[in-house]
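Residue numbers (this note's numbering), protein chains in the order written: chain A, 1 to 557; chain B, 1001 to 1326.
Backbone N, C-alpha and C define an ideal beta-carbon position, used for all residues, glycine too.
Remember, predicted model here, so these are calculated numbers, not experimental data.
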Amino acid sequence: MATTTTAPAYTMPRDHYLNSSYGIRSWLLTTDHKRIAWLYLAGVTFFFTLGGIFAAMIRIHLLVPNGLLVSPETYNKLFTMHGVAMIFFFLIPSIPAVLGNFLIPLMIGAKDVAFPKLNLLSWYVYITGGCFVLYAFATGGLDTGWTFYTPLSSVYSNSAVAPAVIGIFINGFSSILTGINFAVTIHTMRAPGMTWFRLPLFIWAHYATSIIFILGTPVIAITLLLVALERVFHLGFFNPALGGDPILFQHLFWFYSHPAVYIMILPAMGVISEIIPTFARKPIFGYTFIAASSISIAVIGFFVWAHHMFLTGESTYAALAFSLLSYLVAIPSAVKVFNWTATLYKGSISYDTPMLYALGFIGLFLIGGLTGLFLACLGLDINIHDTYFVIAHFHYIMVGGAIMGYLGGLHFWWPKITGKLYPEFLARVAAITLFVGFNLTFGPQFLLGLMGMPRRYHNYPPEFQVLNVLSTAGASILAIGYLLPMVYFTWSVRYGKVAGPNPWPATGLEWSTDSPPPAENFDVTPVVDWEPYDYKNRADLGLGTSVAPLAPAHGDD
Amino acid sequence: MPSQLPIYPDQASNFAPQVDTLMTFMILVSAFFTVAITAAVIFFFFKYRRKSENEIGVPIHGDMRLELTWIVIPLILSMVMFGWGAVVYVDFRHPPQDALDIYVVGKQWMWKIQQPNGRREINELHVPVGRDIKLILASEDVIHDFYVPAFRVKMDVVPGRYNTMWFRPTEPGRYHFFCSQYCGTNHAQMGGWVTVMEPADYAAWLSSSMETETDPILAGEKLFSEKSCSMCHLADGTGRGPSLNGIYNGSVRLADGSTVRADDAYIRESMLLPNAKIVAGFLPIMPSYQGQLTEDEILSLTTYIRSLQSQPVPAKGAGVIPAGKK
């Protein structure tokens, strides 16, 4: 383990999970949760890049009112495939399957997840589902919108709906397996002394996410299967001409897909709850409130789905109930934001890259969350529903929230995952570029929505052009912000400075083992006798009253 | 022309000022919290920045009073937002009784509109200023949505059912309407213009020549015999089905003893699902017309039935309850 007498003289540990075995089989047949995290990292990065290319084409097309690039059919396929790739194959698995897979056993002091083979299986299921969807993209594309509203998807669309929904159906089992694995791991495999209220908040967030994975995913799976059955065998579930009800589809779809929003944002909140106390070097403010808010978001989140349907003709009483419940689910999110802010008070705050992402997250999530209140408001939804206001709102949550959380987490744990440091200055530049580019891309879309521009339009009246051009300009800055980390992360794996076991330093169990960790995570099973995020009583970190100076995290090279 | 950056489009209906006032309230509350939290984050960020490499923060684990404060205050504010929004929405979902009924049929990718006197238009909607307008919305194929930004209202147009929306135009002029529920390839083209006219101009426009369009009452009458409706629904009440004279918007007594208002949705349901509600004194023998009538044809038949409103109601064999008798 690290000695702190000589400054940055760390060397890579002799044996670790990355060099414990070699060859393609050692990766594709691995049951090591840390290597499975790498497999997922490859998968989600591929789909993120694909979805990003679709997004870039959308933004270029919308530079002029009549559309610059593609035909209406192609435009409709672009936004549909952008949504499907990003939501089902990037956002939902990103933090849980990459960071969660890598970190949950390490954070609770376990050797692996509860079911390592199931863990590998869930990656193969994910890849199989992904292949079906790629097949659909390549043979006819998909033009239903990622929401697959019937009877457009089940009867009228001429695109490859059946392989796509079967792909998403298959992919759902990957989520379910991951959810079961995480929930059982967190219940049964905690190290001695790791009580529920000593768990990192990242674990609480993933526990809540696992509940949604297990309870919600079967509903979307069966719903999309019904769409395929109606499309292929003409069974009348949703098509009114066959006695079906198109609105029933929306109930079933949103019963999963609204909680799925919390699948995307809860793990990001877990990341932020780790970063802020680490870089403020103090315990998080209101630990129990943040933990409880994750659980209440997961539970209440199951009872708000019909707020997507205020204008379908649903009964006024249903609309009132779902609006009220939607306001209730906003409260635990607000509690988190207040507690994160309060954690900064009297901290010892540093400007390291993960902290920049965390603070950016607070700002963007704040705007995303508050504009959610606008859409939950019945009297405003009659105006802004299905306009660009909605697009801006959920990109603030999913890009500003979930992706900022994912990137913040990658920067925070990259030294643990690879044992190497990335170039800190470049990383800060990328974080700021992303923040600016993001706001420039999606900020104007709020105004477009207020002016009445509907979503999913391949052309638009000229009065909307100025804001569309601004948005496209922002997207080009945003693209640079995404490319930079891809480049310097890859660079750092080979050329980065050796990180040492705990460069920040942070208090979690994962930082008490080597970077990269050994294949079995810990040489001896750790025993936890400290409270989470406690810097005051941790002489081993070498901070505070302790005299031994610690090596700087970065040489600012 | 598109030189300035307006935040709000024109306000042209009774709902527009209500929605905009509510929007302003929400923006103010949100701006307050955004500014307050951002200011706190920035202030703490600089005030408590790390001064020496080994410095740690002051351990503060929480404060119950603060937690309760930032639970209760947002809760109260959000209940105000909920209540205020609910008032506007409930008003929007309940059209006034004496509104002017206009039928709107959406199909990939156009809007067909029928005025109360039967005059038809495509992708154009003419309405008088200051009058409550109720749109009865139907779809021939997929889900559409009728959205007028200047009126601040929209409603989904769902196949297999009628939805309704209403508004009262307050400013003469021409305003965009859009389809705002994604409906396939030419979704973005599925729009048009609402023309709000002075009542006298509207009346003149309405009675101006119908050009080559067919009168939907005549079309409905023709369908009424073609589809064999006339075989059973005899006007004098002696048929196997109830006479339809005077039935439109009247009260109908059903076999189970309840009564129902014969509005557009009831008449539509009676064609497609005739056994859903059986008129008292009649047998459930009518076949379903599900899949045999387009929305357009249902509309023509309804318009014809509506034109029978003033016909004499037979003493016997009519479903309709005579006025004055409960």
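What residues of chain A sit near residue i, judged by a beta carbon separation below 7 Å?
i, result
"residue 1156 of chain B", "311, 312 and 313"
"residue 1074 of chain B", "331 and 334"
"residue 1196 of chain B", "Those do not exist, as residue 1196 of chain B stays about 16 Å from chain A at its closest Cβ, beyond 7 Å."
"residue 1141 of chain B", "156"
"residue 1012 of chain B", "In chain order: nothing, as chain A lies at least about 12 Å away."
Just checking my contact of residue i with residue j at CB under 8 Å: how many whole Å lie between their CB atoms?
i, j, result
"residue 1146 of chain B", "residue 1154 of chain B", "6 Å"
"residue 268 of chain A", "residue 130 of chain A", "Not quite, the Cβ-Cβ distance comes to about 22 Å (not below 8 Å), so this is no contact."
"residue 1085 of chain B", "residue 378 of chain A", "4 Å"
"residue 209 of chain A", "residue 96 of chain A", "6 Å"
"residue 519 of chain A", "residue 56 of chain A", "Contact flag wrong, Cβ pair sits at about 40 Å."
"residue 10 of chain A", "residue 528 of chain A", "Their Cβ separation, rounded to whole angstroms, is 25 Å, which puts residue 10 of chain A and residue 528 of chain A out of contact at 8 Å."
"residue 544 of chain A", "residue 535 of chain A", "6 Å"
"residue 1263 of chain B", "residue 1314 of chain B", "With a Cβ gap of about 22 Å, residue 1263 of chain B and residue 1314 of chain B do not count as contacting."
If the criterion is Cβ atoms closer than 8 Å, does the pair residue i and residue j meet it?
i, j, result
"residue 488 of chain A", "residue 423 of chain A", "yes"
"residue 35 of chain A", "residue 475 of chain A", "no"
"residue 108 of chain A", "residue 190 of chain A", "yes"
"residue 256 of chain A", "residue 219 of chain A", "yes"
"residue 234 of chain A", "residue 304 of chain A", "no"
"residue 1182 of chain B", "residue 1150 of chain B", "no"
"residue 326 of chain A", "residue 227 of chain A", "no"
"residue 32 of chain A", "residue 22 of chain A", "no"
"residue 80 of chain A", "residue 143 of chain A", "yes"
"residue 1092 of chain B", "residue 1125 of chain B", "no"
Which residues does DSSP list as the beta-bridge partners of residue i?
i, result
"residue 33 of chain A", "BP columns for residue 33 of chain A are empty, so no partner."
"residue 1102 of chain B", "B:1135"
"residue 1128 of chain B", "B:1197"
"residue 1113 of chain B", "B:1104 and B:1121"
"residue 497 of chain A", "A:421"
"residue 1156 of chain B", "B:1145"
"residue 507 of chain A", "None, per the DSSP bridge assignment."
"residue 1166 of chain B", "B:1134"
Using a C-beta to C-beta distance shorter than 7 Å, which residues of chain B count as neighbours of residue i?
i, result
"residue 458 of chain A", "1188"
"residue 387 of chain A", "1180"
"residue 241 of chain A", "1291"
"residue 507 of chain A", "Near residue 507 of chain A there are no residues of chain B at all, since even the closest Cβ is about 11 Å away, more than 7 Å."
"residue 323 of chain A", "1082, 1085 and 1086"
Nearest chain B C-beta to residue i closer than 8 Å, yes or no?
i, result
"residue 93 of chain A", "no"
"residue 157 of chain A", "yes"
"residue 160 of chain A", "no"
"residue 110 of chain A", "no"
"residue 350 of chain A", "yes"
"residue 9 of chain A", "no"
"residue 294 of chain A", "no"
"residue 139 of chain A", "no"
"residue 44 of chain A", "no"
With 8 Å as the threshold, decide whether the Cβ of residue i is near any Cβ in chain A.
i, result
"residue 1270 of chain B", "no"
"residue 1030 of chain B", "yes"
"residue 1132 of chain B", "no"
"residue 1097 of chain B", "no"
"residue 1193 of chain B", "no"
"residue 1206 of chain B", "no"
"residue 1066 of chain B", "yes"
"residue 1159 of chain B", "yes"
"residue 1018 of chain B", "yes"
"residue 1071 of chain B", "yes"
"residue 1088 of chain B", "yes"
Would you mind telling me which residues of chain B sit closer than 8 Å to residue i, beta carbon to beta carbon, in chain order?
i, result
"residue 282 of chain A", "1056, 1057, 1058, 1059 and 1060"
"residue 377 of chain A", "1022, 1026, 1081, 1082, 1084 and 1085"
"residue 536 of chain A", "1056 and 1059"
"residue 365 of chain A", "Residues of chain B passing the Cβ test: none, with the nearest at roughly 10 Å."
"residue 347 of chain A", "1044, 1048, 1057 and 1058"
Could you tell me which chain A residues have their CB closer than 9 Å to the CB of residue i, listed as they occur along the chain?
i, result
"residue 1294 of chain B", "Neighbours of residue 1294 of chain B on chain A: none; closest Cβ ~11 Å, over 9 Å."
"residue 1111 of chain B", "Result: empty, since nearest Cβ-Cβ is about 14 Å, beyond 9 Å."
Residues of chain A with a CB under 8 Å from the CB of residue i: which are they?
i, result
"residue 1152 of chain B", "382 and 383"
"residue 1184 of chain B", "76, 143, 152, 156 and 157"
What residues of chain C sit near residue i, judged by a beta carbon separation below 7 Å?
i, result
"residue 1124 of chain B", "Here chain C cannot be found, since the structure's protein chains are A and B."
Are there any heavy atoms of the ligand GDP lying less than 7 Å away from the beta-carbon of residue i, as far as the coordinates show?
i, result
"residue 189 of chain A", "Absent from the structure shown: the ligand GDP. Ligands present: none."
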